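Below is one structure, written out as structure tokens; comments come after it.
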Amino acid sequence: MHSAWSIATLVPSHGVFQRQTERRGITALEKSSASLVACVENQAQKSRQWCRAQCMSMGSNVVPSIGVEGFGNTVQEGAVEGTRELRNEADFASIANTDGEISICGFGSLLSEKSALYTFPNLRNFRVGVLHGFRRVFAHVAPVFLDRGIANIETKELSSLSVEPCVGESIVVTVFEISVSEVPAFIEREHEFRFLAVTVEDKEGQPFSQQAVICARYSDEEYRRIRCQGSSEEYYRRYGRHKIEQIWRDDIFPCRVYLRHCVLAAKNLGEDAYESFLDHTYVADRRTTIRTYFKHGLGVGIMNEKPPEALRERYGG
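Numbers 106 to 422, taken from my numbering, label the letters of the sequence shown in order.
The structure is reproduced here in structure tokens:
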């Protein structure tokens with residue numbers, strides 16, 4: 106038995122009956138589409154409420170990697186063996202090789218060589234590595250997402266990635282070299298992060314010949330005092346104009362476009378990188394992995410959404 110839509114297509118009539126039948130078919134299709142959209146929106150709302158409840162239930166939480174109460178506290182020097190903070194251009198230069206290059210460690214969008222080339226068009230020796238003693242966390246507001254119109258303030262889906270020390274964790278990353286002449290632009294672009302020199306290993310467990318720079322979690326207090334040098338004008342230029350008073354937070358969720366991009370980048374890099382991203386990347390509660398985030402419908406529809414046209418290639422995995 107055919108649906109009204111099928112009958113209207115199959116019967117060679119041009120009369121009133123056909124027009125009425127077509128209209129009934131279209132109306133049914135519209136109702137079906139509206140019902141599907143409402144169902145997806147309802148599921149998304151329930152998912153966000155569930156995740157917010159998880160965050161609220163945390164209360165005062167001990168971050169195992171730091172061993173202190175709460176979030177946004179100073180990462181202790183040497184929290185991971187061999188790791189040190191890079192505070193200025195001279196510190197960056199100190200880990201350069203004899204060719205005047207420093208290594209960059211990618212863990213999010215830089216898992217994609219194509220994406221990395223947008224930022225570092227002259228990068229060299231792009232390769233896969235493993236970083237021990239760190240985890241990925243979606244825990245800070247990125248102004249670039251607001252500038253590009255891909256952050257959702259209403260649903261709090263606006264966070265970007267950083268890494269933080271965590272005992273027992275390991276993540277698959279990428280490593281590549283750039284010229285030390287690119288360091289000032291790198292520092293300016295990644296202004297909200299703490300820069301750490303870390304030791305990355307290859308898949309056989311052998312350390313690469315030089316340490317790499319990675320963008321780690323900072324704190325609001327340090328950011329305002331050190332990066333902005335106590336200047337409220339500088340803070341306003343970067344964050345205040347977006348009405349953001351707190352950068353590093355535990356009540357926000359991944360920016361949808363960016364999360365999709367990172368998942369695709371990890372998947373394209375290989376099975377190990379993909380599994381690592383799903384199981385060793387957390388939302389801001391530090392409990393919910395990205396695999397769980399998707400499993401419970403928290404990221405409903407994300408992988409089926411296309412980035413805005415202007416960002417389609419850059420954020421295409």
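For each residue, glycine too, the CB sits at the ideal point set by N, CA and C.
Treat the numbers as computed from the prediction; the structure is a model and nothing was measured.
| Asked | Found |
| --- | --- |
| Which residue's Cα is closest to the Cα of A201: T386, E327, E287? | E287 |
| Express the C-alpha separation of I255 and P359 in angstroms, rounding to a whole number. | 11 Å |
| Would you kindly work out how many angstroms separate the C-alpha atoms of V278 and R240, rounded to a whole number? | 11 Å |
| Mind reading off the beta-carbon distance from V246 to I357? Whole number of angstroms is fine, and I expect it under 8 Å. | 7 Å |
| With H, G and I counted as helix, E and B as strand and the rest as coil, what does DSSP make of H245? | strand |
| Alpha helix (DSSP H) containing A195: first to last residue? | 194 to 198 |
| Just to confirm the assignment: which complete beta strand (DSSP E) runs, minimum length 3, are found wholly within the region 317 to 400? | 317 to 321, 386 to 388 |
| Determine, using beta carbons only, whether C333 and R322 come nearer to each other than 9 Å. | no |
| Please confirm whether R354 and A389 have their CB atoms less than 9 Å apart. | yes |
| Less than 7 Å between C-beta atoms, sequence neighbours within five positions excluded: which residues of the same chain meet that for D384? | T394, R396 |
| For T188, which residues of its own chain have a beta-carbon under 6 Å away from its beta-carbon, when the five flanking residues on both sides are left out? | L301, V303 |
| Apart from the five residues on each side of it in sequence, which residues of its chain come closer than 7 Å, Cβ to Cβ, to D307? | G234, F313 |
| Please determine if the region 288 to 299 and the region 395 to 414 are in contact, where contact requires at least 3 C-beta pairs separated by less than 8 Å. | no |
| Kindly list the residues whose CB is nearer than 8 Å to the CB of R229, restricted to its own chain and excluding five residues on each side of it in sequence; keep chain order. | E206, F281, E282, I283 |
| To the nearest angstrom, report how far apart T260 and R361 are at their CA atoms. | 11 Å |
| Within the continuous beta strand (DSSP E) that includes S275, where are the two ends? | 262 to 284 |
| Have a look at the DSSP bridge pairing and note the partners of H237. | S275 |
| Quick one: is the Cβ of V280 within less than 8 Å of any heavy atom of the ligand COA? | Among the ligands in the structure shown, none appear at all, so the ligand COA cannot be discussed. |
| If we ignore side chains and look at the alpha-carbon of each, how far apart do R253 and Y398 end up? | 24 Å |
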